[in-house]
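Notes to accompany the following structure.
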Amino acid sequence: MHLAIVGNSAAALSALESFRERDQTSSVTLVCDEAGPAYSRVLLPYYLRRKLTRDALFIREMADYGRLRAATEFGARVERVDAATRRLELADGRSLGFDQLLLATGSRPARPPIPGLDGPGVHSLWTLDDAARLDPLFRVGARALVLGSGFVALQAAWAACERGLAVTVVELLEQILPRVLDAQAARILHERILAHGVDVHTGTRTDGLETDRRGKVHVSAGGLSPFAVDAVIVATGARPNDGLLPECLEPGQPGIPVADTMATTVDGVFAAGDVTRGPTAAGGPREIHALWPTAVEQGKVAGANLAGAGLTYGGSLSMNVTEMFGLTVASLGRFVEDGADDVSEWRDLAGIDYLKIVSRAGVPVGAIALGEPEGAALLGRLRPFVRQKRAVDDMLAFLEGRDLDQRLVGRRAPKEKTPCAS
Amino acid sequence: MRIVAIDPDSCVACRDCEYACAFRQSGDFARSASHIRVNFYAQERACVPLTCMHCDDAWCLDVCPAAAISRDPQTGAVAIDAARCAGCKMCLLACPFGNVHFDKADGVSRKCDLCGGDPMCVRSCISGALRFVEADEAFDVRREALDASLRRLLHLDKGEK
Amino acid sequence: MPQGREVQQTLCRMCDDRCGIDVHLEDGRIVDILGNKDHLWNRGRLCVKARAAVDMVYHPDRILAPLKRTADGWQQIPLEQALDEIAARLTAVKEQYGPRGVAVWKGEAIGFGQQENLARRFVHALGSPNYLSNDSMCYAARYFGFKLVDGAWPVPDLENARCIVLWGANPPYAHPNMTQYITAARRKGATLVVVDPRLSAIARRADHHAALRPGTDGALAWGLIHQIVEAGAYDKDFVERHTVGFPKVVEYAKAFSLEAVEEETGVPAATVRAIARAMESAAPHVAAYVGNGLEHHENGVNNIRAVAMLDGLLGALDREGGAFFKDAVPLRDLTLYDDVPLEHLGPLGAERFPVLYDLRRECHTMTAIEAILRDDPYPLRALIVTGANPALTNPDSARVMQALESLDLLVVRDLFMTETAAVADYVLPAASFLERTELHAHAKHQIVSVTRPVVSWPGVQGEYDFWHDLALRLGIGEYFPWEDETALNRWLLEPTDLTLEELEAHPEGVQYSPPRPGRWKEAGFDTPSGKVEFTSRYLKDLGHDELPVYRSPAYREAFDAEFPFVLITGARKLLFLHSRFRNIPRFLTAIPGPEVEMHPDDASALGVADGDAVRVTSRIGSVEIPVKVMAPNEILPGSLQITHGWKEANVNLITHDDRFDPISGFPLMKAVEVRVEKVVA
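Protein chains in written order, with the working numbering: chain A, 1 to 422; chain V, 1001 to 1161; chain Z, 2001 to 2681.
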């Protein structure tokens, strides 16, 4: 059996390991339009911030592919998947056959309809090349504009701020991190960002970018006076690279829909990662969760099932964590409450500036923590309850970290051989 | 592989393990530097040590976007390579037991690495509550403790007249 | 093994457990200390104090050269000069006041084997009967309590017991390595009973915690005796054949009904009964261990005798799983009590506390303080202190200081400038346990080990070298003929089957003789009657009760509303031993300072919260100290606890040195009447 994997990031790598755990004999080819070996996209801002070296961004060595007996085709872009003939048609004219296929093509930066977006001086922060182009522009005293206020955008802003640039953030919506934080938490972070000397404008549309002969980009946005920057980083969202299997797409719905098994509607073709519209832990309609941990989880299931394991994925749980502007920002699940939910909020809880847990009938469905890293650990401990839809019997004990103790003391076995993911 | 098996029924919360681990990590005895934490509940007289169980299916390892967490081939311990760690804290969010800790001073995550195969917490446990045993046995340790308590209870009941 | 790296195996002496250790050296410098996995006693486990020995040995404050007090402060002088001057001044005191005007005071840090006996030897060689030590306040009372009943203080066989009873003892912090043996027994189903006014670390694991009022242990013991006798659950055969005084025990015990015991001790009747039943059903595999907690009371020895009697009643003596009698290592005797008897010179305290001198040849430190201050019974003018810090650890520190400062000559040997050293005329650098070679025995398994000097500094002497050099200058060199510690060790071992080479080759310990349970029942107990003595003729002849009569502690008998709280002192902490180790920085990270433990109801009534400062006042003084509010089950309302050894808040400024157990002479330290008030800034 020959398995082809299109992609070389979290989902693809996770699937490869998971597949090889079960199937050591089938041949595997990994195809990716970028050069190999794999690097960590989510850590590109850490490189710009000088927390990581360029070398440290690589999360695999060429030898790892050899160890997993995967042939690689790096720098090879797939233009089309012919499901009938079971062939991948590459841009360079070659075609590769497959028996089974995993599409882990990820996503690409969204391109908002702003005039001048293609000009020089306007960048994305998505690939290693993007980071390499931005790095020399990160000089003390230079000025940068960041469009968007999602994770990538604010990470980029933080990196620029740390490197001594003057930074302006412009966000179309009314709050920063709209998909990660609720209004209250966003306000806290917003204040913190301002305190670091970064200019933040929410509810502001960018009307145009114009690069002059000297390379400066002139910005007109919303109600702001025009200003010029040395670099613009566009990070207004991501779009799934779902074009390879148009027959699977649902009208008006981006992302390749996948079943609990990560199978697409095409026989023998699976998908995993940012490219999918997949099941969620909450059990509602399928969603795109363009998150590293989700890609890892989905890849694991897809890889196993490509080897005939027959696993089902429990559904992705939105989970995010990052450190920026001196705060650890973490969120989990559905953290914006609706009418039937119970909300508990804490301020200044053992170093956590803001903690919010949303529950329904005692079962936690989502949470946000801002402040010390302990907040991320607390959400980590909450995650199994959210995933398994289990009530937290004693929230106070849970917050104080005593819940596990009670289980041990009460002589109930801890969750050994931990099925951590689901 | 061997892991640190915990028997709360024998623990006296002396904190030798915490001090020994903190010392190894930092040269000092601040409990926040220790990768084993002992919680003591006076009213219930309960002493509960908790530390990483080096799960067979280690989510922290799977999820790390810097490939900084790996399994030591000798000891089987799940360990963080601080040189590779970016400090993104995804592992803190991943561990369901809160066993990954963040070192703010160095900006990296840290966790128990079984001290390379001879864990200091076990060596310093004067009560014998901590033992370094094969993972399958580790949960026998708890059953044993339960048996012993049952036996004590029966013994005591027999004694009551 | 990396280049220049070696491991030497020896024993740790950060406390008296003496665990086997592997000392790691790199190019001759100690870099790490780990447990010796092969040592029969600790089996590789090791508390965190052991590693701190490295910090202690290389501490920047370590005294490495002799210091002489001058008008301009401390002056460093050569060792030879120091010894010459000390010898000359000792001679002067001897000539003016007689040899008994000189005393030696040996502390816990030196240990109890040959180091203790070297001190005893020296002072007798000098012509003085006055050997003083920490045993004026520790060990001896228990020794008497058990010796007077059983003929010796047996060792509890914890590992094989089915019921373990701890009286005023907290192994995790006092003898950490005992704890693993308690765990081993409990894993086999043994019950654990802890008798302690506080919920100590080990009490957290107790099946029964008898949280009794301080000093009332004797009442509880008699109550248990009564229960066991009433139930007929005693070993009738053993009692009949091997004991004296049983009928008097039965009679006296009648007063200790469950209700009476509850009334006196505060322990609920149901708990007392449950403990008795637990002991009965486990008998004869009942192992009891008594701690220093029972010694510091005016009725201490008698309370301990009553506890000791339980072993005999239950048939737990001289057997596995009960109380076994260890064989002493048949080493040569270093003391001169036979060769140079000096009782006629009136050893300090021998008249007031004859048992102390008679059975232990111990003089009484508090009497020594009197002698220094008031020439009563005669002047004591010169003192050599080795490894002791009485300025902080004896009761009534103010008086102790006054006495020390008034001496004609005070010589202190220590690793550091302690509070006692600070008022000395000469401070001499002393070798730590990692710098000496000496023999040690462990009762469990009956093994002997020899330690090794892992590092050394020129001029930093071990005990033997010091006494030897001083003796030569005083004309008593004949009593210290050995070339060095090793030669001494060889001499000590002569009567045994063991050689030094064998001990050196076996750091895990060599058994000197296998334990022989049952031999005392055969050969007779080492008491005047050859039997276990519930009634003691010896004591009766000295004017004491023949039975261990229970006397209620003073704070109950004569409650004084002016001092309504009862203060316990001396509860152990894992990291500190008496006044030692507070110069290890990481120890202070863990345990930053002194505190007074208080029940939450008392804290409420006083209007104090955790960390607030209070003033604790006794009849003799006051000390200001922060409060630690405990959980309600951790300490009794109306009682307090302060751990000693902190100069920042020295509890011995308020403990008395004028109330003693008439038999042992031990001071009352664990039931001191005090009052407490919040300190208002």
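From the three backbone atoms N, C-alpha and C, an ideal C-beta is built for every residue, glycine too.
Same chain only: Cβ atoms within 7 Å of residue i, ignoring 5 sequence neighbours per side
{"i": "C1060(V)", "result": "I1069, V1078, C1091, A1094, C1095 and V1100"}
{"i": "Q2511(Z)", "result": "H2445, Q2446 and I2447"}
{"i": "G371(A)", "result": "L327, T328, G351, I352, D353 and Y354"}
{"i": "H2344(Z)", "result": "none"}
Alpha helix (DSSP H) segment containing residue i, residue limits
{"i": "N2042(Z)", "result": "Unbroken run through N2042(Z): none, as it is neither H nor E."}
{"i": "T2589(Z)", "result": "P2585 to A2590"}
{"i": "K2573(Z)", "result": "Here K2573(Z) belongs to no alpha helix (DSSP H), and DSSP marks it neither H nor E."}
{"i": "M1090(V)", "result": "M1090 to A1094"}
{"i": "W126(A)", "result": "Per DSSP, W126(A) belongs to no alpha helix (DSSP H) and is neither H nor E."}
{"i": "D2465(Z)", "result": "E2463 to R2473"}
{"i": "L2500(Z)", "result": "L2500 to A2505"}
Separation of residue j from residue i, as counted between CA atoms
{"i": "G2073(Z)", "j": "L2067(Z)", "result": "10 Å"}
{"i": "G2748(Z)", "j": "E2264(Z)", "result": "The structure shown does not extend to residue 2748(Z), since chain Z spans only 2001 to 2681, so no value can be given for it."}
{"i": "T202(A)", "j": "P45(A)", "result": "22 Å"}
{"i": "D2545(Z)", "j": "M2309(Z)", "result": "15 Å"}
{"i": "A2328(Z)", "j": "Y2143(Z)", "result": "14 Å"}
{"i": "R20(A)", "j": "K216(A)", "result": "50 Å"}
{"i": "Q1043(V)", "j": "A2631(Z)", "result": "7 Å"}
{"i": "G2295(Z)", "j": "G2349(Z)", "result": "One point to set straight first is that residue 2295(Z) is Glu, not Gly, in the sequence displayed. Near 18 Å, if we compare the C-alpha coordinates of G2349(Z) and E2295(Z)."}
{"i": "R2018(Z)", "j": "L2011(Z)", "result": "5 Å"}
{"i": "Q175(A)", "j": "R187(A)", "result": "8 Å"}
{"i": "R347(A)", "j": "I357(A)", "result": "12 Å"}
{"i": "H2124(Z)", "j": "A2382(Z)", "result": "15 Å"}
{"i": "H2242(Z)", "j": "P2515(Z)", "result": "21 Å"}
{"i": "G119(A)", "j": "G208(A)", "result": "11 Å"}
Residue span of the beta strand (DSSP E) that contains residue i, given as start and end
{"i": "Q2008(Z)", "result": "R2005 to L2011"}
{"i": "F2563(Z)", "result": "Run containing F2563(Z): none; DSSP gives neither H nor E here."}
{"i": "R2051(Z)", "result": "From DSSP, R2051(Z) is part of no beta strand (DSSP E) but of the alpha helix (DSSP H) over K2049 to V2057."}
{"i": "K2678(Z)", "result": "V2672 to K2678"}
{"i": "R239(A)", "result": "A238 to P240"}
{"i": "Y2289(Z)", "result": "V2286 to V2290"}
Close beta carbons around residue i, own chain, < 6 Å, minus the five adjacent residues each side
{"i": "M478(A)", "result": "Residue 478(A) cannot be examined here, being either before or after the span of chain A that is shown, 1 to 422."}
{"i": "R192(A)", "result": "F325 and L327"}
{"i": "A1005(V)", "result": "R1131, V1133, A1138 and V1141"}
{"i": "A2649(Z)", "result": "P2594, V2623 and I2625"}
{"i": "G237(A)", "result": "A110"}
{"i": "V2007(Z)", "result": "D2022 and H2024"}
{"i": "G1159(V)", "result": "At G1159(V) the pLDDT is 42, less than 50, meaning the model places this residue with poor confidence; the figure from the coordinates comes in the next sentence. Taken in chain order, the list of residues that qualify is empty."}
{"i": "P2548(Z)", "result": "N2302, R2305 and A2306"}
{"i": "V2684(Z)", "result": "There is simply no residue 2684(Z) to check, as chain Z begins at 2001 and stops at 2681 in what is shown."}
Distance cut-off 8 Å: residue i Cβ against heavy atoms of the ligand FMN
{"i": "A302(A)", "result": "Looking at this structure, you won't find the ligand FMN or any other ligand, since it has none at all."}
Close-in-space but distant-in-sequence residues of the same chain around residue i (CB under 8 Å, 5 per side omitted)
{"i": "E162(A)", "result": "R49 and R50"}
- [ ] Please name the residues in the stretch 1082-1093 of chain V whose beta-carbon is closer than 7 Å to at least one beta-carbon of chain A, in chain order.
- [x] Hits within the stretch, in order: R1084, A1086, G1087, C1088, K1089, M1090, L1092 and L1093.
- [ ] Select from the stretch 311-343 of chain A all residues with a C-beta closer than 7 Å to any C-beta belonging to chain V, and list them in chain order.
- [x] So the close ones are M319, V321, T322, E323, T328 and A330.
Task: Contact list for the stretch 277-296 of chain A against chain V, Cβ threshold 8 Å - done: The stretch 277-296 of chain A vs chain V, Cβ under 8 Å: W292, P293 and V296.
Task: Residues in the stretch 1098-1121 of chain V having any Cβ partner in chain A nearer than 8 Å - done: When C-beta distances to chain A are compared with 8 Å, the residues of the stretch 1098-1121 of chain V below that value are G1098, V1100, H1101, F1102, K1104 and G1107, in chain order.
Open item on the list: Taking beta-carbon pairs under 7 Å, can you tell me which members of the stretch 1037-1057 of chain V lie near chain Z?
Closed with: The stretch 1037-1057 of chain V vs chain Z, Cβ under 7 Å: A1042, Q1043, R1045 and C1047.
TODO: For the stretch 274-294 of chain A and the stretch 307-324 of chain A, state whether three or more C-beta atom pairs, one from each stretch, are separated by less than 8 Å.
DONE: Yes, they touch.
- [ ] Mind checking the stretch 2177-2197 of chain Z against chain V and listing, in chain order, the residues whose C-beta falls within less than 9 Å of any C-beta there?
- [x] Using a CB distance below 9 Å, the part of the stretch 2177-2197 of chain Z facing chain V consists of N2177, M2178, T2179, Q2180, Y2181, I2182, T2183, A2184, R2186, R2187, K2188, G2189, A2190, T2191 and L2192, ordered along the chain.
Task: Residues of the stretch 2016-2039 of chain Z with Cβ closer than 8 Å to any Cβ of chain V, in chain order - done: Shown in chain order are the members of the stretch 2016-2039 of chain Z whose Cβ falls below 8 Å from a Cβ of chain V: L2034 and G2035.
Open item on the list: Does the stretch 2154-2166 of chain Z come into contact with the stretch 2350-2369 of chain Z, if we say contact requires no fewer than three beta-carbon pairs (one atom in each stretch) closer than 8 Å?
Closed with: Under the Cβ criterion (8 Å, minimum of three pairs), the stretch 2154-2166 of chain Z does not count as touching the stretch 2350-2369 of chain Z.
- [ ] Taking a Cβ distance cut-off of 9 Å, strictly less, list which residues of the stretch 1121-1137 of chain V are near chain Z, in chain order.
- [x] Residues V1122, R1123, S1124, C1125, I1126, S1127, G1128 and A1129.
Open item on the list: Using 8 Å as the cut-off, can you tell me whether the stretch 2663-2680 of chain Z makes contact with the stretch 2566-2578 of chain Z, which would need three or more C-beta pairs spanning the two stretches below that distance?
Closed with: The stretch 2663-2680 of chain Z is in contact with the stretch 2566-2578 of chain Z.
Open item on the list: For the stretch 61-72 of chain A against the stretch 133-152 of chain A, do three or more pairs of beta-carbon atoms, one drawn from each stretch, fall closer than 8 Å, so that the two count as touching?
Closed with: Too few Cβ pairs lie closer than 8 Å, so no.
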